[in-house]
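Undergrad: What follows is a single structure, and I will ask about it in a moment.
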Amino acid sequence: MSFLIDVNNKQINAQKGEMLLEVLKRNGIKVPTLCYIKDKFPSGACRMCVVENLKTGKLITACSSPVEEGMNVLTHSPRVVESRKTIVELLLSNHPDDCLYCVRNKNCELQSLSEELQVRERKIRGKKNGYYMDHSGASIVRDPDKCILCGRCVRICDEVMGVSAIDFINRGSKSIIGTTFNAGLNTSSCVNCGQCILVCPTGALSEKSHFVGVIDALNNPIKTVVVQYAPAISVSLAEEFNMPAGKDINGIMNAALRKIGFDKVFDTTFSADLTIMEEASELIYRIQNSGTLPMITSCCPGWIKFAEEFYPEFIPNLSSCKSPQQMLGAVIKSYWSEKSGIKPENIYSVSIMPCTAKKFEAQREEMTREGISDVDAVLTTRELGQLIRMYGVDMNQIEPETADSPHGFRSSAGKLFGASGGVMEAAIRTAYNMITGDELIQFQIPAIRGLNGRKEIKINVNGIELGIAVVNGLANARLLLEEIKNGKNDVHFIEVMACPGGCINGGGQHIGADENSIKARMLSLYDIDERETLKVSHKNPEIIALYKEFLEKPLGHLSHELLHTHYVKRDVLK
Amino acid sequence: MNTQVQEVFEKYPQASRDNLIPILQDIQEKEGFISQESIIEIGRFLNLATSKIFGVATFYNQFRFQPVGKYHVQVCRGTACHVLGSATVLEELEKTIKTKAGQTSKDGMFSIEVVACIGACGLAPVICVNGNFHAKVSKESIRKIIENYRNQQ
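Written out as structure tokens, the structure is:
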């Protein structure tokens, strides 16, 4: 049912059941919010979105007030603006005020609100909190002094990720957000996904920077610095430079990385192809030899830690394949090191990831051989943006270049890894070929594409019916695993991505992206797959050469040593 | 698992998260405080994240996370006591035994609890040590009171 409501003395159309905030947004009226998360139940905690209800004379929160027939509100009356301003002034009263030194300078909601509401003096002077920062996690740094207690991180961690590593502690002016016993992220069940960083309005949550190590290596003449970037980076980096969301700037990025001084520019998508060779072989092996099924993908380090903590009984189901980042890391410090005559200890291997959990993954004990890490530093998309700006590379003025051989050539199947369902689609393309010797006629599998949290299909390969499930957002993974524990037995292969939508929406991505930007990144990956001709991993000539010259065959002896790993049950505060 | 905690759980055969606060209260009743182990056990019992349990438990003043000291000092912060200076008394007490409200001194001798009103407003500001009331305490007298208890051991 639709009806008219009065907003700022004009009539606009509203649907019954809608929240006022949504109606205002649709009509081009921007009401500021802090605790609001789109499509989630409103909490109404921050009061930023108050509007004046002329019927009752009260201020009501637009996010949590359903529209009513005959409603009459003012969204920017002097009283409303004054109230919002006071809220910001109160939030600033105990804020550290160190914007110039803050990781979120120029990209901070508190800063923007203060500017929009013309806060020009400190009216309310509160006692500063002086909390300790939490540097204990491998991927995420927390600075409770900058926290404004909006609670978005708590809700994302609980409702979307099903992890609940953090919650409010204490009450009133002593409230903080922290882990169990406030003991630090490293003792908690945090899976390092970084979704909390994406929703944090201030600098209270940020990634652990690997900047210094990378710059030191770039300036160290002994080190050969190689870089790899994940499939999702080329379609996400544009937004860091105010270019349209989803624009594929792979070539420009290659050129920029060389300008910064990286000696070799490799593409993680190459090793995504390699992952597919190993993973598809592993799936077939498990099916033919009554191995543990369903097999579950292992590309996502957030998911892996989640499984190790909450579902250790599923560890045998996890594919033993390392993630593409770690596969390429291992290949660089073995095959490429041999081939180029550079000792592994003189190679500094950097990866650019849309992900904060990759920082944790690179530091896992299993990802080191003879005391040398396969990957030395992991930068997020955001950190790459900073690095490019710091080195003064003008992204609008450089010519595209191609990545380096031998680990820079890729199929479009590998590129799909960036979006939920992509690993599965690429794996099916190759598994089909491995089983039947033929190629699929229709490569695209629309049923497992898109941003839905859970996608399931059945496919038939040579008379074998395979049940396929794709989940993203760990809360969805939890639901699926519980169903399997309760007897669901029609799935054989599961892809899990921790972040909603997959790596295109990873915790290391540009902050401030909305759903349309995420969609644009996804469509850009699909477009690459549509346009390019090399659509399957097993036909990548550099992959074929790598097996021929070095690895011999998927699941072979060297593969096991370099490309496969194992997992451990983790005892954390959960 | 601790048998006292086990006994508490047995009282709640169909427990859900709604029972969290009563369970916390029962455990504190039995053990005198809420230990980290108890929080982890409650998490398993109710299938609830420990961060949430810790969050709820720290929200309420009534829950303690350390065992009480040999002398448990309750400081009344009700209206009458407040008007007559209980804030200063509390501050002095925290200084004297080098312990914050809600905590227990390192030597295990003293613990402080802030209570809303003991119902002895005529004696304000009032404190209660192991059930013994001390009336009209001041910044000066609180030190002597504590000193006496310390010497009693």
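Residue numbers (our numbering), protein chains in the order written: chain X, 1 to 574; chain S, 1 to 153.
Yeah, the Cβ is synthetic: ideal placement off N, Cα and C, and Gly gets one too.
So, for Arg286 (chain X): in the same chain, excluding its five sequence neighbours on each side, which residues have a beta-carbon less than 7 Å away from its beta-carbon?
TA: Only Thr292, Leu293 and Met295 meet the Cβ criterion.
Undergrad: DSSP on Tyr432 (chain X), reduced to helix/strand/coil?
TA: Note: Tyr432 (chain X) maps to helix in three-state DSSP.
Undergrad: In chain order, what residues of the segment 159–180 of chain X put their CB closer than 7 Å to some CB of chain S?
TA: The residues in question are Ser164, Ala165, Ile166, Asp167, Phe168, Ile169, Asn170, Arg171, Thr179 and Thr180.
Undergrad: Taking one C-beta from the segment 403–417 of chain X and one from the segment 529–542 of chain X each time, how about it: are there three or more such pairs within less than 8 Å?
TA: At 8 Å Cβ cutoff, the stretches touch.
Undergrad: Output yes if chain X places a C-beta closer than 8 Å to the C-beta of Ala49 (chain S); else output no.
TA: Yes, Ala49 (chain S) lies at the interface with chain X (some Cβ there is under 8 Å from its Cβ).
Undergrad: Alpha carbon to alpha carbon, how far is Ala232 (chain X) from Phe262 (chain X)? Give it in angstroms, no decimals.
TA: Going by the C-alpha atoms only, they are around 20 Å apart.
Undergrad: Sorted by chain position, which residues of the same chain lie with C-beta nearer than 8 Å to Lys96 (chain S)'s C-beta, five sequence neighbours on each side aside?
TA: First, the amino acid is wrong: residue 96 (chain S) is Thr here, not Lys. Excluding residues within five positions, the ones whose Cβ falls inside 8 Å are Ile142, Arg143 and Ile146.
Undergrad: Can you pull the chain X neighbours of Gln103 (chain S), defined as C-beta to C-beta under 9 Å?
TA: Here the premise fails: no neighbours, minimum Cβ distance about 13 Å.
Undergrad: Closest to Glu313 (chain X) by CA distance: which of X:Asn462, X:Ile484 and X:Glu542 is it?
TA: Ranking the options by Cα distance to Glu313 (chain X), first place goes to X:Ile484.
Undergrad: For Gly78 (chain S), decide whether its Cβ has a neighbour in chain X, counting only Cβ atoms nearer than 8 Å.
TA: False, the Cβ-Cβ gap to chain X never drops below 8 Å.
Undergrad: Is any beta-carbon of chain S found at less than 8 Å from that of Lys485 (chain X)?
TA: It does not: the Cβ of Lys485 (chain X) has no partner Cβ on chain S nearer than 8 Å.
Undergrad: Report buried or exposed for Leu4 (chain X), applying the criterion of at least 16 other Cβ atoms within 10 angstroms of its Cβ.
TA: Exposed: under 16 other Cβ atoms inside 10 Å.
Undergrad: Just the chain S side, please: which residues come within less than 8 Å of Lys648 (chain X) by C-beta, in chain order?
TA: Here chain X covers residues 1 to 574 and nothing more, so residue 648 (chain X) does not appear.
Undergrad: Can you tell me whether Asp216 (chain X) is buried or exposed? The criterion is at least 16 other CB atoms within 10 Å of its CB, across all chains shown.
TA: Asp216 (chain X) is exposed by the Cβ-count criterion.
Undergrad: Closest to Ser93 (chain X) by C-alpha separation, out of X:Tyr101, X:His76, X:Val119 and X:His564, would be which residue?
TA: Ranking the options by Cα distance to Ser93 (chain X), first place goes to X:Val119.
Undergrad: Grab the span of the beta strand (DSSP E) containing Ala377 (chain X) for me, first residue to last.
TA: Taken as a continuous stretch (DSSP letters only), the beta strand (DSSP E) holding Ala377 (chain X) covers Ala377 to Thr380.
Undergrad: Of the residues X:Asn53, X:Lys16 and X:Arg26, which one's Cα is nearest the Cα of Asn9 (chain X)?
TA: Nearest of X:Asn53, X:Lys16 and X:Arg26 to Asn9 (chain X), Cα basis: X:Asn53.
Undergrad: Label Ile252 (chain X) either buried or exposed according to how many other C-beta atoms from any shown protein chain fall within 10 Å of its C-beta, with 16 as the threshold for buried.
TA: By the 10 Å Cβ count, Ile252 (chain X) comes out buried.
Undergrad: In the DSSP assignment, the beta strand (DSSP E) including Thr268 (chain X) goes from what residue to what residue?
TA: Segment Thr268 to Gln288 is the alpha helix (DSSP H) holding Thr268 (chain X); no beta strand (DSSP E) there.
Undergrad: With a threshold of 8 Å between beta carbons, is Gln36 (chain S) in contact with chain X?
TA: So yes, Gln36 (chain S) belongs to the interface.
Undergrad: Spell out whether any CB of chain X is found under 8 Å from the CB atom of Ala131 (chain S).
TA: First, the residue type needs correcting, since residue 131 (chain S) is Gly and not Ala in the sequence shown. Not an interface residue.
Undergrad: Please work out which residues of its chain come closer than 6 Å, Cβ to Cβ, to Tyr335 (chain X), disregarding the five sequence neighbours upstream and downstream, and give them in chain order.
TA: Phe550, listed in sequence order.
Undergrad: Buried or exposed: which applies to Lys106 (chain X), given that a residue is buried once 16 or more other Cβ atoms fall within 10 Å of its Cβ?
TA: It is exposed - the Cβ of Lys106 (chain X) has fewer than 16 other Cβ atoms within 10 Å.
Undergrad: Are Ser164 (chain X) and Leu573 (chain X) close, meaning C-beta to C-beta below 8 Å?
TA: No.
Undergrad: Taking the C-alpha atoms as reference points, what is the distance between Pro354 (chain X) and Leu525 (chain X)?
TA: Approximately 14 Å, taken between the alpha carbons.
Undergrad: State the Cα-Cα distance for the pair Glu41 (chain S) and Ile124 (chain X), rounded to the nearest angstrom.
TA: Going by the C-alpha atoms only, they are around 44 Å apart.
Undergrad: Using 8 Å as the threshold, is the C-beta distance between Ser319 (chain X) and Ile332 (chain X) below it?
TA: Cβ atoms of Ser319 (chain X) and Ile332 (chain X): not closer than 8 Å.
Undergrad: Let me see if you follow: with CB-CB separation under 8 Å, is Phe59 (chain S) close to chain X or not?
TA: Cβ-Cβ to chain X under 8 Å: yes for Phe59 (chain S).
Undergrad: So Ala477 (chain X) and Val470 (chain X) are supposed to be a Cβ contact under 8 Å. How far apart are they, rounded?
TA: Their Cβ separation, rounded to whole angstroms, is 10 Å, which puts Ala477 (chain X) and Val470 (chain X) out of contact at 8 Å.
Undergrad: Using only the alpha-carbon positions, how far apart do Ala57 (chain S) and Glu31 (chain S) sit?
TA: Answer to the nearest angstrom: the Cα atoms are 15 Å apart.
Undergrad: Using the three-state DSSP reduction, which class does Pro66 (chain X) fall into: helix, strand or coil?
TA: Strand at Pro66 (chain X).
Undergrad: Roughly how many angstroms separate the alpha carbons of Lys358 (chain X) and Thr380 (chain X), rounded to a whole number?
TA: Spanning the two alpha carbons is a distance of roughly 9 Å.
Undergrad: Between which two residues does the alpha helix (DSSP H) harbouring Tyr526 (chain X) extend?
TA: Segment Glu515 to Arg531, the alpha helix (DSSP H) holding Tyr526 (chain X).
Undergrad: Alpha carbon to alpha carbon, how far is Gln25 (chain S) from Ala475 (chain X)?
TA: Distance between the alpha carbons of Gln25 (chain S) and Ala475 (chain X) is about 31 Å.
Undergrad: Out of curiosity, what's the CA-to-CA distance linking Thr88 (chain S) and Glu383 (chain X)?
TA: Taking the straight line joining both Cα atoms gives about 50 Å.
Undergrad: Establish whether the CB of Phe63 (chain S) and some CB of chain X are separated by less than 8 Å.
TA: Not one chain X Cβ lies under 8 Å of Phe63 (chain S).
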